[in-house]
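Presented below is the structure to which this report refers.
There are 2 protein chains.
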Amino acid sequence: MAKAVTIKDIAQHCGLSVATVSRVINNKGAIRAETVERVEAAVQALGYRPSMAARALKSASNRTLGVIIPSLTNPVFAETAAGLQQQARLLGYTPLILSSDYDDALESSAVENLLAYQVDGVLLTVNDATSSAALERLDEAGVPYCLMHNVPRQRVAGFIGVDNFRAAAEVATRIQALGHTRIGMVSGDFMRTDRARDRYAGFLAGLKYAGVELAHLVQVDPVNATGLQESLSRIYSQEGSHPTAWFCSNDLLALATIAQLEAMGRSVPDDVSIVGFDGIQAGALRQPMLTSVRTPNLEIGSASVDLLMAQIHDTSSNTGRKLDYHLMEGGTLAAVSEMPDPDSGNTPDPHLQSLDESKDDA
Amino acid sequence: MAKAVTIKDIAQHCGLSVATVSRVINNKGAIRAETVERVEAAVQALGYRPSMAARALKSASNRTLGVIIPSLTNPVFAETAAGLQQQARLLGYTPLILSSDYDDALESSAVENLLAYQVDGVLLTVNDATSSAALERLDEAGVPYCLMHNVPRQRVAGFIGVDNFRAAAEVATRIQALGHTRIGMVSGDFMRTDRARDRYAGFLAGLKYAGVELAHLVQVDPVNATGLQESLSRIYSQEGSHPTAWFCSNDLLALATIAQLEAMGRSVPDDVSIVGFDGIQAGALRQPMLTSVRTPNLEIGSASVDLLMAQIHDTSSNTGRKLDYHLMEGGTLAAVSEMPDPDSGNTPDPHLQSLDESKDDA
DNA sequence: CTACAATATGTAAACGTTTACATCACCATT
DNA sequence: AATGGTGATGTAAACGTTTACATATTGTAG
Chain A
1 MAKAVTIKDI
11 AQHCGLSVAT
21 VSRVINNKGA
31 IRAETVERVE
41 AAVQALGYRP
51 SMAARALKSA
61 SNRTLGVIIP
71 SLTNPVFAET
81 AAGLQQQARL
91 LGYTPLILSS
101 DYDDALESSA
111 VENLLAYQVD
121 GVLLTVNDAT
131 SSAALERLDE
141 AGVPYCLMHN
151 VPRQRVAGFI
161 GVDNFRAAAE
171 VATRIQALGH
181 TRIGMVSGDF
191 MRTDRARDRY
201 AGFLAGLKYA
211 GVELAHLVQV
221 DPVNATGLQE
231 SLSRIYSQEG
241 SHPTAWFCSN
251 DLLALATIAQ
261 LEAMGRSVPD
271 DVSIVGFDGI
281 QAGALRQPML
291 TSVRTPNLEI
301 GSASVDLLMA
311 QIHDTSSNTG
321 RKLDYHLMEG
331 GTLAAVSEMP
341 DPDSGNTPDP
351 HLQSLDESKD
361 DA
Chain B
363 MAKAVTIKDI
373 AQHCGLSVAT
383 VSRVINNKGA
393 IRAETVERVE
403 AAVQALGYRP
413 SMAARALKSA
423 SNRTLGVIIP
433 SLTNPVFAET
443 AAGLQQQARL
453 LGYTPLILSS
463 DYDDALESSA
473 VENLLAYQVD
483 GVLLTVNDAT
493 SSAALERLDE
503 AGVPYCLMHN
513 VPRQRVAGFI
523 GVDNFRAAAE
533 VATRIQALGH
543 TRIGMVSGDF
553 MRTDRARDRY
563 AGFLAGLKYA
573 GVELAHLVQV
583 DPVNATGLQE
593 SLSRIYSQEG
603 SHPTAWFCSN
613 DLLALATIAQ
623 LEAMGRSVPD
633 DVSIVGFDGI
643 QAGALRQPML
653 TSVRTPNLEI
663 GSASVDLLMA
673 QIHDTSSNTG
683 RKLDYHLMEG
693 GTLAAVSEMP
703 DPDSGNTPDP
713 HLQSLDESKD
723 DA
């Protein structure tokens, strides 16, 4: 292992003290232009790279940002991580990405891990922002942080995400407006994440506002979607009228639902409509495209970095921001094909603004 | 920012020297059982976490593994990263994951970055293992590393991956065996990654062995697949017989190709067969499933960690390993529906072993 | 009873930075 | 000419560990 070149080597090579070299590197204080050049040349020549370890030790800043996401393989968080990494790189920061696997204990241990690395700040998506030991720990440690995707009701240091409640409510009225009266929802990780909860609550509220009842609620394991196949085939094997539309709390679930329905001989969207949530690439790579609430995942990542930076440097009071989502048209959401139930008939109302979202906490 | 508790605090709290505490924590040397208990209790009580920075500085080991992957959002690498992180966690290591965005310069700078962090070793997928500045730098620095997905011809410290050449060749004979005679290939990042090159070379070799010629080669940008739509519509708008099967060098490309073909009114696999490469989840979440060469991505990650550990500790001579892939049956690969060209008729031969793969380097 | 190994702990230096403080030269103001 | 400000650099301490070496305490064999 070739000995790494240190600041001392540079100092020696230039006939300067390490202090001066350090000042040049961080361009702090007043240095002669010629000295700067000399040092920079030496840095180039010897291939010097400051040791992050030593930097962190002096507890100034090691230009490292901790990141905790629930899953590396879920495209939503992968995209968020990509956006964040890009922005961090632009600003000269390195992200240290950890996955919590949707597990509270791992979430907490990830925070401890990041604390041990003395990161300058943390970007994270927690399972449930209303009751997160990880978040409390960060508050306690006084480390700046910014939540991604979580949009908590209580006050937090910072957050960037979309209004899941409102978006889900909008989906509900949109579905109803197309004549559907028997509507189901497929939700994953229901008790585990605040997003799923908000989406469920929003969807219910939207349906209620539109005067429709939720016909079915299918809950499945978020990771491997166990139980989906069974639940769906049970529902569709029963007599009577089946749901003509399903809202799925995320796109992965929506794609699994479509695959299952098609395997059961139902055509999407001719027989049954599907709406997802997230707008992942895999949804766009099919024909017809998966109708979905498209969330700006890359931007959630990069905006979170910006907000965190503001916190770190300006100690700004800006506490968070809701980003716009986009409910796409067409795709796997179509007008109902069967005759609607006789008792339906109220006109959809677009005034979603009147919806109250501050109640439905489970 | 609450002052972090250090090893000194523990020492003071226990009436011991820092040396003893350090020894307890790393359980090195001989310590009285009662002392161990006392220290561990204090660690628990005060919530002590050793500073990674200080550890790294003493240049022992900071139990950190550097990771470089071409993309966070490509499911293949996301899965690999997930597998690797899981295994690393098991062994008490923390992965520091960086994305190179398929860019050689970023690849190199990522290596420099990891070197600055004094990681114990590096796990990485490079664009092209035969000419990688990043790899040379690692060799020069003497840092243990293990390639993931790259299966280089020259000697390297370590690698874990599948035999892309052989797998692609197998795909070729499989397609031909189903009666296809007009076969195309869609390849991304062709000049950029050794995987795409090996798959192309293997496919060509396989076709040649089966006595078929490649009818079309469509090359597209790996990231956004620009040019795919244009190329395909040009090919299918021409007079004459069109390809009845396409091999795509990865699943993302395969899904995009299917979407495009279906948008052009072709049915998959009734009119045209598609075979991908990687076996990503999105391919399995459609009906019919995307036929693909399934690579053990999670295992590539975890096996790489194991191999790297062997390198770090045992200075083992084990230099690399090829993992099994699996070419799935059915799905989007079906027997040809049109009449095959009159001049075809040779029987496929399963003796792929005779294929020589040591020639086709671009 | 002495001596020597083994066990258990303490002391202090080192790792590569950053930074408060000191120094020195130079020039401008009184 | 003395004073003081400013610009450029050096000195040395500190950050939280690990670890070679020293020391102290035992048990045990001669």
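Here the protein sequences line up with chains A and B, keeping their order.
Per the numbering used here, the very first residue in the first sequence carries number 1; after that it's consecutive.
Per the numbering used here, the very first residue in the second sequence carries number 363; after that it's consecutive.
C-beta: ideal position from N, C-alpha, C; glycine also.
In the structure shown, A:LYS208 adopts helical secondary structure according to DSSP, grouped into three states. DSSP places B:VAL401 inside the alpha helix (DSSP H), whose first and last residues are 395-408. From the listed residues B:TYR455, B:ASP482, B:ALA418, B:PRO514, the smallest Cα separation to B:VAL488 is found for B:PRO514. The distance from the Cβ of A:TYR325 to that of A:VAL293 is about 5 angstroms, consistent with a contact at the 8 angstroms cut-off. No Cβ of chain B is located within less than 7 angstroms of the beta carbon of A:LEU253. Nearest to B:LEU460 by C-alpha distance, out of B:TYR479, B:GLY550, B:VAL429, is B:VAL429. The beta-carbon of A:TYR236 is placed no less than 7 angstroms from the nearest beta-carbon of chain B. The three-state secondary structure of B:VAL367, taken from DSSP, is coil.
Using a CB distance cut-off of 7 angstroms, A:THR73 counts as an interface residue toward chain B.
Residues of chain B whose Cβ lies closer than 7 angstroms to the Cβ of A:ILE175 do not exist, since the nearest Cβ in that chain is about 22 angstroms away. Collapsing the DSSP output to three states places A:HIS13 in a helix.
In summary, the residues of the segment 266-298 of chain A whose CB is separated from some CB of chain B by less than 7 angstroms are ALA282, LEU285, ARG286, GLN287, in the order they occur in the chain. Taking the C-beta atoms as reference points, B:VAL473 is found no nearer than 7 angstroms to B:TYR507.
The criterion of a C-beta distance shorter than 7 angstroms is not satisfied by B:THR657 and B:GLY682. Contacts with chain A (Cβ-Cβ distance below 7 angstroms) from the segment 447-459 of chain B involve GLN447, THR456, LEU458, ILE459, listed in chain order. Under DSSP, A:ARG294 shares a beta bridge with A:ASP278, A:HIS326. The Cβ atoms of B:GLN600 and A:GLU262 lie no closer than 7 angstroms to each other. Excluding the 5 residues flanking it on each side, B:LEU695 has same chain C-beta neighbours closer than 8 angstroms at ARG536, ILE537, LEU540, ALA607, PRO631, SER635, ILE636, VAL637, THR653, in chain order. At a C-beta separation below 8 angstroms, B:MET414 has these neighbours in chain A: ALA53, ALA56, ALA116, TYR117, GLN118. Under DSSP, B:ILE545 takes part in a beta bridge, and its partners are B:LEU576, B:ALA607. Between B:LEU453 and A:ALA82, the C-beta spacing is not below 7 angstroms. Contact annotation: A:VAL119 and A:LEU65 have beta-carbon atoms nearer than 7 angstroms. In the structure shown, the three-state DSSP call for B:GLN600 is coil.
Scanning its chain for C-beta atoms nearer than 6 angstroms, with the 5 sequence neighbours on each side dropped, one finds around B:TYR455 the residues ARG425, LEU427, in chain order.
Comparing C-alpha distances from A:ALA116 to each of B:LYS365, B:ASN475, B:LYS684 shows the shortest one belongs to B:LYS365. Contact between A:ALA53 and B:ALA415 holds: their C-beta atoms lie close to 5 angstroms from each other, under 8 angstroms. For B:VAL698, there is no enclosing alpha helix (DSSP H), as DSSP marks it with neither H nor E. If you check the CB distance, A:ILE160 and A:SER304 come in under 7 angstroms. Under the Cβ criterion of 7 angstroms, B:GLU498 is not counted among the residues facing chain A. Scanning chain A for C-beta atoms nearer than 8 angstroms to the C-beta of B:SER461 yields ALA82, GLN85, reported in chain order.
Under the three-state reduction of DSSP output, B:MET626 falls in the coil class, being neither helix nor strand. Taking all protein chains shown into account, A:GLU79 has 16 or more neighbouring C-beta atoms within 10 Å of its C-beta and is therefore buried. Secondary structure of B:LEU453 (DSSP, three-state): coil. Secondary structure remark: continuous beta strand (DSSP E) runs of at least 3 residues inside the segment 495-523 of chain B, in chain order: 507-510. Under a criterion of Cβ atoms nearer than 9 angstroms, the residues of chain B adjacent to A:ALA259 are, in order, ALA646, LEU647, ARG648, GLN649, MET651.
Under the three-pair Cβ rule at 8 angstroms, the segment 575-589 of chain B counts as touching the segment 545-560 of chain B.
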